[in-house]
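A.B. asks: In this text, residue positions in the sequence shown follow full-length UniProt numbering: the first is 1, and each later residue adds one. Note that beta-carbon positions come from the ideal geometry of N, C-alpha and C, so glycine has one too.
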Amino acid sequence: IGCREELKHGIIAASEIKTRPRRVVGVRASPVSNLPPWLSLLRVAFYIKEEFAMRKTAVSSTLTVCFDGQFWVGIVERVEGGSLSSCRVVFGAEPSNEEVLDFVLREWTRLPLGPAVACEERTMARNPKRRQRQAVRELKKRGPSTKAQIALAEQREALAQESAALEKERREEERRQRFEQKREKAKRKRRGH
């Protein structure tokens, strides 16, 4: 990775990417990652600033890569204008740093973000040392934010309601077709054919 990687919407500086291996709590605490800590990229955070006609809008995006017990998943959180949108991406096997960076560069703009949830907008500190302390604090957090989990739950709930409505419509159509077939059979029987 070079010292800077250009994105469509912003810049990720390699010095701003912080890494820390996560541990699984269970019978015995063993490292989840088999990579050395300095190679394991498990949380990437970058901030994007966009300017629209003298108005500044800060967009904060966070990708949290964690092991959910079966697969390695990435939780994408995007905070813009006081609303948080998120989505879940399944990586399968543990992604390497290069795979995560490639995912960010190629797929970031096409992510299917869920419905927005209201949240407080945090201002980014101007002091680089304070920003570094904030990044370390974020790395110590376990998993995605509660707001992201709420947004993902709402997205799952909306998909479940939509699929339930489609299933109900399909069952109703089948019932109507069976009724029509019975009526046609009764008509044919009355005609004597």
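Decide if THR64 is buried, meaning its Cβ has at least 16 other Cβ atoms within 10 Å, or exposed.
C.D. replies: Classification for THR64: buried.
A.B. asks: In three-state terms, what does DSSP make of GLU94?
C.D. replies: coil
A.B. asks: Quick one: residues in its chain with C-beta nearer than 8 Å to the C-beta of ARG176, no 5 flanking neighbours on either side, listed in chain order?
C.D. replies: If the five residues before and after ARG176 are omitted, its C-beta is found closer than 8 Å to no C-beta atom of its own chain.
A.B. asks: For a minimum of 3 consecutive residues, which ranges assigned as the beta strand (DSSP E) are wholly contained in the region 74-161?
C.D. replies: 83-92
A.B. asks: From ARG191 to ARG183, what distance separates their C-alpha atoms?
C.D. replies: 12 Å
A.B. asks: Excluding sequence positions up to five away, which residues of its chain have a Cβ less than 7 Å from the Cβ of TRP72?
C.D. replies: VAL65, PHE91, GLY92, ALA93, GLU94 and PRO95
A.B. asks: Would you call the CB atoms of PRO115 and ALA165 closer than 9 Å?
C.D. replies: no
A.B. asks: Determine the burial state of ARG78: buried for a count of at least 16 other Cβ atoms within 10 Å of its Cβ, exposed for fewer.
C.D. replies: buried
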